[in-house]
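A quick write-up on the structure given underneath.
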Amino acid sequence: MAGRTPADAPSRVRVERSARAPRGWDMLVATDGSSDYPHTAHWNESVASTMPDAGAVWLTVAEEGRLTAGLVAIERRLGRGFLARHRMDSSFEGTSCGPLVAADLPRETQDVLVHELILAYARLRRGPLGAVTLALGPERETRFAHLLARDGRWHRHASPTAVIDLEGGPDEVAASRVSKPKRNERNRGLRAGAVVEVTDRADALDEYYPLYLAAAAQWGVVPTPLPFLKALLGDPAGRVFFTCVRVDGRIVGGHLNLHLGDRVFAWNGVTNPAVARSHFPSTLCLWGDIVEACRRGARWLDVGASGGITSLEGFKRYFGAESRARGYYVDEGGAVRAARSARALLRGPRPGRVGRGRPGQRWHDGRDGEPRPEGDH
């Protein structure tokens, strides 16, 4: 393979639709070196087994008896009849995914393999009503963005994520990165009787889910199904944990966290705005995430993209979170692109609706309007 360029390398990509990961998949995830939890077999098998009308598609390259490169995507059919749209997403529910390649291969070889994967993936788009997407986390953006930029079919949307450095452990994070107002909120919430708990019990999700449904309705988004959340929490390797805050025994907030390697991703999470200013569940949930991530030996806590919600961006900065580049790449058919543009024009701003970056009740902290200036550290 030495000397080949991405343009002239023949494709060796195998495409397989299966509810189960190919043999050796998680070994490839481990040898890639910068993979995210949604690359794992457990995440994608959980999607395939619990999400309505969703299936996993695995693209792989094998050499000398091992997988050397791969890409997994979730395939869905949206709508019915001849206008049904076909989507494939190598990222799901706001996570990052994208191509995998063995990090022990020469860089030129890695680029060849990833380019082949990207080409093979793009070929899976079905006509004018089809779309394929992928999202690259910060490290993978550095590794692979140049290959997607080289291929003119991909449109990149900036979707920066916020990351907290956990070096030094919880005490160091609290002293040097968490702002004084958030330390005060943590202490006040605990004194008021709030309890932070980390668990892998599925019944905790049963308690949490009505709170999450209420938030999803407020945001105007389709909620992630409870069976999927439960399947993830049942990860046999113990890589998924649920941080929750209780007041008088009731769950008033929670985050489902995904742990792989030196990173924890604080993923699905909401808190109850009714107790936002008395017990500070948002602050306590995030503090609980930090403590547990440190206990597990993680170096980074990824608290995700903020979708342009300025108050949420500010909330994360209170904890020392720094913005890192993340790219969301889309190759879509002309009919899908035109329909999406028309929908955006027709919808326009909706007065009174809590929206991204617009004033209104902020679900995470119970305040109204724009964020206050950050306090002293």
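All residue numbers in the sequence shown are consecutive under my numbering, ending with 669. Glycine included, C-beta positions come from ideal geometry on N, C-alpha and C.
What are the start and end residues of each continuous alpha helix (DSSP H) run of 4 or more residues lying completely inside the region 464-542, in chain order?
Taking only runs of at least 4 residues, the alpha helix (DSSP H) segments lying wholly in the region 464-542 are 472-483, 494-511, 518-525.
Val353 and Leu405 closer than 8 Å at C-beta
Stepping through the sequence shown from its first residue, residue 353 is reached at position 61. Stepping through the sequence shown from its first residue, residue 405 is reached at position 113. Yes, these two residues count as a Cβ contact at 8 Å.
For Glu624, the three-state DSSP class (helix, strand or coil)
Counted from its first residue, the sequence shown places residue 624 at position 332. Assignment of Glu624 by DSSP, reduced to helix, strand and coil, places it in the strand class.
Could you check whether the region 467-474 touches the region 605-613, counting it as contact only if at least three pairs of C-beta atoms, one from each stretch, sit closer than 8 Å?
Touching, yes, given that three or more Cβ pairs across the two stretches are closer than 8 Å.
Of all the options Leu576, Phe533, Val595, which has the alpha carbon lying nearest to the alpha carbon of Ala558?
By 1-based counting over the sequence shown, the position of residue 558 is 266. Nearest of Leu576, Phe533, Val595 to Ala558, Cα basis: Val595.
Measuring only the C-alpha atoms, how far is Asp463 from Arg379?
Within the sequence shown, residue 463 is the residue found at index 171, counting from 1. Within the sequence shown, residue 379 is the residue found at index 87, counting from 1. The C-alpha of Asp463 lies about 44 Å from the C-alpha of Arg379.
Alpha helix (DSSP H) runs wholly inside the region 417-454, at least 4 long, in chain order:
Entirely contained in the region 417-454, the alpha helix (DSSP H) runs reaching 4 residues are, in chain order, 430-442.
How would you call Pro344, buried or exposed, if buried means at least 16 neighbouring beta carbons within 10 angstroms?
Residue numbering aside, residue 344 sits at position 52 when the sequence shown is read from its first letter. Burial state of Pro344 is exposed, judged by a 10 Å Cβ sphere holding fewer than 16 other Cβ atoms.
Could you give the distance in angstroms between the alpha-carbon of Ala292 and the alpha-carbon of Leu409?
Absent from the model: residue 292. The displayed extent of the chain is 293 to 669, so no value can be given.
Do His438 and Val622 count as a contact pair if the criterion is CB distance below 8 Å?
Looking up residue 622 in the sequence shown gives position 330. Looking up residue 438 in the sequence shown gives position 146. Between Val622 and His438, the CB-CB gap reaches or exceeds 8 Å.
Given a threshold of 16 other Cβ atoms within 10 Å of its Cβ, counted over all protein chains shown, does Asp498 qualify as buried or as exposed?
To locate residue 498, count along the sequence shown from 1; it is residue 206. Looking at its Cβ environment, which holds fewer than 16 other Cβ atoms inside 10 Å, Asp498 is exposed.
Where Asn564 and Trp579 are concerned, what is the direct C-alpha to C-alpha distance, given to the nearest angstrom?
The sequence position of residue 564 within the sequence shown is 272, counting from 1. The sequence position of residue 579 within the sequence shown is 287, counting from 1. Near 16 Å, if we compare the C-alpha coordinates of Trp579 and Asn564.
At which residues does the beta strand (DSSP E) containing Phe557 begin and terminate?
Here residue 557 refers to the residue found at position 265 when the sequence shown is read from its first residue. It spans 555-563 - the beta strand (DSSP E) in which Phe557 sits, taken as one unbroken run.
Coarse secondary structure for Arg399, derived from DSSP in three states:
Against the sequence shown, residue 399 aligns to sequence position 107. Helix.
Here's a check: name, in chain order, each residue in its chain whose Cβ is nearer than 7 Å to the Cβ of Cys586, leaving out the five neighbours to either side.
Residue numbering aside, residue 586 sits at position 294 when the sequence shown is read from its first letter. Leu458, Gly461, Pro462.
Alpha carbon to alpha carbon, what distance is there between Pro314 and Thr332?
Here residue 332 corresponds to residue number 40 of the sequence shown, with the count starting at 1. Here residue 314 corresponds to residue number 22 of the sequence shown, with the count starting at 1. When rounded, the distance between both Cα atoms is 11 Å.
Per the DSSP calculation, Gly362 is bridged to which residue(s)?
Here residue 362 refers to the residue found at position 70 when the sequence shown is read from its first residue. Paired residues: Thr352, Leu392.
Helix, strand or coil for Ile410? Go by DSSP, reduced to three states.
For the purposes of this step, residue 410 is taken as the residue at position 118 of the sequence shown. In this structure, Ile410 counts as helix in the three-state DSSP scheme.
Helix, strand or coil for Ala301, going by three-state DSSP, please let me know.
On the sequence shown, position 9 is the one that residue 301 refers to. Bear in mind that the predicted position of Ala301 carries a pLDDT of just 45, short of 50, making it too unreliable to give a figure here.
Mind checking Arg642: buried by the 16 CB within 10 Å criterion, or exposed?
Taking the first residue of the sequence shown as 1, we reach residue 642 at position 350. Confidence at Arg642 is low in this model, with a pLDDT of 39, below 50, so its placement is unreliable and the value that follows should be read with caution. Exposed.
Should Gly370 go down as buried or exposed, given a rule of 16 or more other Cβ atoms within 10 Å for buried?
Within the sequence shown, the letter at position 78 stands for residue 370. Gly is not the amino acid found at residue 370; the sequence shown has Leu there. Exposed.
Residue burial classification, Asp554 (beta-carbon count within 10 angstroms, cutoff 16):
To locate residue 554, count along the sequence shown from 1; it is residue 262. Its Cβ having fewer than 16 others within 10 Å, Asp554 is exposed.
Quick one: measure Cβ to Cβ for Ser574 and Phe607, integer angstroms, because I've assumed they're closer than 8 Å.
Locating residue 574 in the sequence shown gives position 282, where the first residue counts as 1. Locating residue 607 in the sequence shown gives position 315, where the first residue counts as 1. Contact holds; Cβ gap of about 7 Å.
Which residue or residues does DSSP assign as beta-bridge partners of Trp592?
Counting from one through the sequence shown, the residue named residue 592 turns up at place 300. Partner(s): Asp457, Arg555.
Apart from the five residues on each side of it in sequence, which residues of its chain come closer than 6 Å, Cβ to Cβ, to Ala486?
Locating residue 486 in the sequence shown gives position 194, where the first residue counts as 1. Cβ within range, chain order: Val537, Val539, His571, Leu576.
Tell me whether the beta-carbon of Arg445 lies closer than 8 Å to the beta-carbon of Gly390.
To locate residue 445, count along the sequence shown from 1; it is residue 153. To locate residue 390, count along the sequence shown from 1; it is residue 98. Cβ distance not < 8 Å, so Arg445 and Gly390 don't count as in contact.
Within this structure, are the beta carbons of Thr535 and Asp581 separated by less than 8 Å?
Here residue 535 corresponds to residue number 243 of the sequence shown, with the count starting at 1. Here residue 581 corresponds to residue number 289 of the sequence shown, with the count starting at 1. Contact flag set, yes.
Just verifying my parser: in three-state terms, what is the DSSP assignment at Asp345?
Walking along the sequence shown from the start, residue 345 turns up at place 53. In this structure, DSSP gives Asp345 a state outside helix and strand, which the three-state scheme calls coil.
Taking Cβ to Cβ, would you say Gly419 is nearer than 8 Å to Gly625?
One-based indexing of the sequence shown puts residue 419 at position 127. One-based indexing of the sequence shown puts residue 625 at position 333. Using a Cβ distance threshold of 8 Å, Gly419 and Gly625 count as a contacting pair.
Reduced DSSP secondary structure (H/G/I, E/B, other) of Glu337:
Residue mapping note: residue 337 aligns to position 45 of the sequence shown, counting from 1. Here Glu337 sits in helix by DSSP.
Proximity of Leu518 and Val532 at Cβ, strictly below 8 Å:
For the purposes of this step, residue 518 is identified with residue 226 of the sequence shown, where counting begins at 1. For the purposes of this step, residue 532 is identified with residue 240 of the sequence shown, where counting begins at 1. No Cβ-Cβ contact shorter than 8 Å links Leu518 with Val532.
Cβ atoms of Asp324 and Val393: under 8 Å apart, would you say?
Position 101 of the sequence shown, counted from the first residue, corresponds to residue 393. Position 32 of the sequence shown, counted from the first residue, corresponds to residue 324. Yes, the pair counts as a contact, with Cβ atoms nearer than the cut-off.
Figure out for me which residue from Gly512, Ala467, Ile543 has the closest Cα to the Cα of Pro502.
If you number the sequence shown from 1, residue 502 lands on position 210. Per the Cα distances, Ile543.
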